[in-house]
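Note sheet for the following structure.
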Amino acid sequence: MFKLKPLLFCCFTMAASSALAKPESVDINIDVQQPGAVLNKNIYGQFMEHLGRGIYEGIWVGEDSDIPNQDGFRLDVLQALRELKVPLLRWPGGCFADEYHWRDGIGPRDERPRTVNSNWGGVIEDNAFGTHEFFAFAELLGAETYVNGNLGTGSPREMVEWLHYMTSDADTTIVRERKKNGRDKPFKVDYFAVGNESWGCGGNMTPDYYADLYKQYSAFLKAPEDNLPKFIASGGTDDQTEWTRTLAEKVKPSWSLRMDAISHHYYTIPTSDWEKKGSATGFPEEEWFSALHRTLRIEDFIEENIAILDELDPEKKIGFYVDEWGTWYDVDEGTNPGFLYQQNTLRDAVIAGLNIHVFNRYAERVQMTNIAQMVNVLQAMILTDKEKMVLTPTYYAFKMHIPFQDATYLPVSIEDTPAYKHGDDSIPAISASAAKAKDGNVYLSLVNTQLEGAIDVTLDDVKQVQGQVLSSDKMDEHNTFEQPDNIAPKAYSVSVKNGKAVITVPAKSLMVLNLGQL
Numbered sequence: 125m126f127k128l129k130p131l132l133f134c135c136f137t138m139a140a141s142s143a144l145a146k147p148e149s150v151d152i153n154i155d156v157q158q159p160g161a162v163l164n165k166n167i168y169g170q171f172m173e174h175l176g177r178g179i180y181e182g183i184w185v186g187e188d189s190d191i192p193n194q195d196g197f198r199l200d201v202l203q204a205l206r207e208l209k210v211p212l213l214r215w216p217g218g219c220f221a222d223e224y225h226w227r228d229g230i231g232p233r234d235e236r237p238r239t240v241n242s243n244w245g246g247v248i249e250d251n252a253f254g255t256h257e258f259f260a261f262a263e264l265l266g267a268e269t270y271v272n273g274n275l276g277t278g279s280p281r282e283m284v285e286w287l288h289y290m291t292s293d294a295d296t297t298i299v300r301e302r303k304k305n306g307r308d309k310p311f312k313v314d315y316f317a318v319g320n321e322s323w324g325c326g327g328n329m330t331p332d333y334y335a336d337l338y339k340q341y342s343a344f345l346k347a348p349e350d351n352l353p354k355f356i357a358s359g360g361t362d363d364q365t366e367w368t369r370t371l372a373e374k375v376k377p378s379w380s381l382r383m384d385a386i387s388h389h390y391y392t393i394p395t396s397d398w399e400k401k402g403s404a405t406g407f408p409e410e411e412w413f414s415a416l417h418r419t420l421r422i423e424d425f426i427e428e429n430i431a432i433l434d435e436l437d438p439e440k441k442i443g444f445y446v447d448e449w450g451t452w453y454d455v456d457e458g459t460n461p462g463f464l465y466q467q468n469t470l471r472d473a474v475i476a477g478l479n480i481h482v483f484n485r486y487a488e489r490v491q492m493t494n495i496a497q498m499v500n501v502l503q504a505m506i507l508t509d510k511e512k513m514v515l516t517p518t519y520y521a522f523k524m525h526i527p528f529q530d531a532t533y534l535p536v537s538i539e540d541t542p543a544y545k546h547g548d549d550s551i552p553a554i555s556a557s558a559a560k561a562k563d564g565n566v567y568l569s570l571v572n573t574q575l576e577g578a579i580d581v582t583l584d585d586v587k588q589v590q591g592q593v594l595s596s597d598k599m600d601e602h603n604t605f606e607q608p609d610n611i612a613p614k615a616y617s618v619s620v621k622n623g624k625a626v627i628t629v630p631a632k633s634l635m636v637l638n639l640g641q642l
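By the count of the working numbering, the sequence shown reaches residue 642 at its end, each step adding exactly one.
So this is what it looks like as C-alpha cells:
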C-alpha cells in the first residue's frame with residue numbers, strides 16, 4: 125500500500141463500509157493569496173504512436189479515402205481534436221520509436237519502404253505517415269511537437285541528420301531534400317527525446333549505460349538557436365528512482381550538453397497483473413476501487429523522483445515529464461492483441477481527473493504529461509470504426525479541463541475528507557484542484573471517487589458556480605458506435621448567497637466549475 129499524502133489523506137474520517145450511507149459534507153478552501161506555479165498547457169499533452177489503429181484509420185486515411193478528409197487526415201477526428209485544444213503531440217512512439225528510421229517516412233508515399241511493425245501486431249508499416257504528415261497534422265491542430273529519436277537501432281548520425289532535416293534552413297543537401305519533398309520552411313520541433321523506455325523495449329539498458337549514450341548522442345544534436353528544442357532523457361517507470369538520480373548526477377549541462385527534462389512512465393492496471401489486467405467494461409466494484417487506488421500511487425512516484433531532483437538540481441532547471449500515463453486493460457475481445465484497443469468508461473474519466481489533480485500539485489517540475497494514447501489505443505480520447513467515430517469519457521474529462529491550460533495553480537485544502545473504503549484499503553472520497561485561468565476566473569475541479577453517496581462541498585467567498593458534471597448511474601458507462609451519446613457532461617450550477625455555495629458532487633463523478641473572479 126502506498127504512503128498517504130498530508131493534503132488529501134491525513135484528515136479523513138473512516139467510513140464503515142465501501143460506500144458512504146448518506147451524503148457527507150466537507151469544506152474546501154482555495155488560497156487565492158498564495159498562487160503556485162503556472163500549469164503548463166502541455167500537462168494535457170497527447171501521444172500518438174504507430175500502434176494498431178492509432179494513426180492509420182484513427183487519424184490518417186489518405187487523400188483517396190471515402191472517409192471525409194483534409195489532405196488525408198480524417199475530418200471528424202481533426203475537428204474533435206481541435207475542439208479539445210490539444211496543446212502537444214508526441215510521436216512516433218513509444219516502443220516504435222527505437223525501430224523507426226526517419227528516412228522510411230519521407231519522399232513520395234508510393235516509393236516509401238514497407239516494413240514490419242515488430243512491436244505492435246507484426247503488421248505491415250507502409251510509412252505513409254511520416255515526418256511531413258506529423259508536422260502537417262500538428263499545424264492543423266495548432267499543437268506543439270514532441271519527437272522521439274531512435275536510440276535503440278539508430279546511430280548518432282541518423283539522429284543528427286533527422287534533427288537537421290526538421291529544423292535547419294541552411295543550404296545543405298539534407299535541407300534541399302526537405303524542400304524537394306514539399307516543405308520550404310523548417311518544421312518547429314519543440315521537444316526532442318533521445319530514445320524511449322531504454323530500460324525495456326528501447327534497449328534493456330542500465331541507467332549508467334544510457335546516461336553515457338545520452339551524453340554521446342546529445343553532444344551532436346544541434347539546431348538553430350530560434351528552433352532549438354528542449355531535450356528529454358528517457359527515465360524510469362513505476363517506483364523507479366535510479367534513472368532520475370543517475371541522469372541528474374552524470375549529465376552535467378554545458379555548452380555542448382543539454383538535458384531539459386527526464387521522462388517517466390506509469391500505467392494504471394486494476395489487477396496489477398500484466399498477464400490479466402482486468403476488463404475495460406463489466407468489471408466489479410473491486411476493480412473500480414483497485415484502479416483508483418493504484419492510479420493514486422503516481423503521486424508517490426512523482427514526489428520521490430522530484431525529491432532527488434530538488435537535491436541534485438536545486439535551481440530547478442530539469443523538468444520531470446510523465447510522457448506516458450493512463451489505464452491499461454485487457455484488449456477488447458475479438459481485436460488484435462497487439463493493437464491495444466480497449467473501451468473507455470466513466471472510470472477512465474475519474475482516473476484522468478485524479479491524475480490531473482496530482483500533476484497540478486507538482487507543476488513546478490511536471491511541465492508536460494502525455495496520456496496514452498490519443499485515438500483507438502489504451503485510454504483514448506476518440507474511438508473509430510471505419511467511417512464511424514465516438515468520443516470517450518476521457519475526451520470529455522480533458523475538454524472540461526481546458527481552462528486549466530496555462531492557468532496559475534491555487535492551493536486547495538479539504539477539511540475532514542471522508543474515506544472511500546474497500547476491504548482493508550481506503551482512498552479519499554473526494555479530490556480537488558483549483559487554478560486561476562487566463563480569463564481571470566477561478567476554476568475548481570472535483571472528483572467523487574465512491575460508487576455510492578453524493579458529497580456536499582461548501583465554498584466561501586465565491587462569485588458564481590457554473591460548470592459541468594460528468595457522471596452516470598453505471599460505473600462502466602461508455603459510448604458506443606451504436607449509442608454515441610450514452611455519457612457526456614451536463615450543465616451544473618448552484619446559487620450563491622453572501623459569497624457561500626454548497627455544491628453537491630454526485631457519486632462516481634468529475635466536475636469542473638467556474639467560480640468567477642475571486
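For glycine and all other residues, C-beta sits at the position ideal for the given N, C-alpha and C.
Short of 6 Å from the beta carbon of R369, and not among the five residues preceding or following it, lie these beta carbons of its own chain, in chain order: I432.
The alpha-carbon of S537 is positioned some 7 Å away from that of I154. Leaving aside the five residues that flank V185 on each side, the residues in its chain whose CB is nearer than 7 Å to its CB run, in chain order, I191, N193, G196 and R198. In this structure, P394 sits near K401, with a CB-CB distance shorter than 8 Å. Residue pairing of K614 in beta bridges, as defined by DSSP: V593. In the DSSP secondary-structure assignment, E268 is bridged to L212. Note on geometry: alpha-carbon atoms of E435 and M492 lie some 21 Å from one another. Listed in chain order, the non-local C-beta contacts of A578 below 8 Å within the same chain comprise P147, N572, T628, V629, P630 and A631, local neighbours out to five positions each way being set aside.
For Y453, DSSP records no beta bridge to any residue. Under the DSSP assignment, Q340 falls in the alpha helix (DSSP H) whose first and last residues are P331 to S342. In this structure A521 is buried. Its beta-carbon is surrounded by 16 or more other beta-carbon atoms within 10 angstroms. By the neighbour-count definition (other C-beta atoms within 10 Å, threshold 16), G360 is a buried residue. A direct Cα-Cα distance of roughly 48 Å separates P613 from K374. T370: member of the alpha helix (DSSP H) spanning E366 to K374, first to last residue. The region 173–187 and the region 215–234 touch, with no fewer than 3 CB-CB distances between them shorter than 8 Å. Contact between the region 343–358 and the region 287–299 is present, with at least three C-beta pairs closer than 8 Å. Shown here, D580 sits in a strand according to DSSP, grouped into three states.
The continuous beta strand (DSSP E) containing P552 extends over residues D549 to P552. The criterion of a C-beta distance shorter than 8 Å is satisfied by L212 and Q170.
Secondary structure of E148 (DSSP, three-state): strand.
For A294, the three-state secondary structure derived from DSSP is coil. Counted as a single uninterrupted DSSP element, the stretch harbouring M524 is not any beta strand (DSSP E) but the alpha helix (DSSP H) occupying residues P517 to M524. With the rule of 3 Cβ pairs closer than 8 Å, the region 501–516 does not count as touching the region 405–420.
Separation of the CB atoms of G266 and G229 is rounded to 23 Å, and the pair is thereby denied contact status at 8 Å. The residues D222, E223 and H225, in chain order, have a CB closer than 8 Å to that of T277 in the same chain once the five nearest residues on each side in sequence are set aside.
Of the residues assessed, D447 falls on the buried side of the cut-off, its CB having 16 or more other CB atoms within 10 angstroms. Its chain contains G196 and R198 as the residues whose beta carbon lies nearer than 8 Å to that of S189, once the 5 sequence neighbours on both sides are disregarded; these appear in chain order. About 7 Å separates the CB atoms of L478 and L416; that is less than 8 Å, so the two are in contact. A Cβ-Cβ contact shorter than 8 Å links R489 with F444. When C-alpha distances from H602 are compared across L637, R300, R236 and V474, the shortest belongs to V474.
Secondary structure note for G218: it is in no alpha helix (DSSP H), with a DSSP letter that is neither H nor E. For S633, the closest C-alpha among the options M283, N622, F483 and D600 is that of D600.
Ranked by Cα distance from K523, the first of N500, A559, E207 and L381 is E207. Residue pairing by DSSP places H602 opposite T469 in a beta bridge. Inter-segment contact for the region 235–250 and the region 269–283 is absent: fewer than three beta-carbon pairs are separated by less than 8 Å. DSSP places F253 in the coil class of the three-state scheme, outside both helix and strand.
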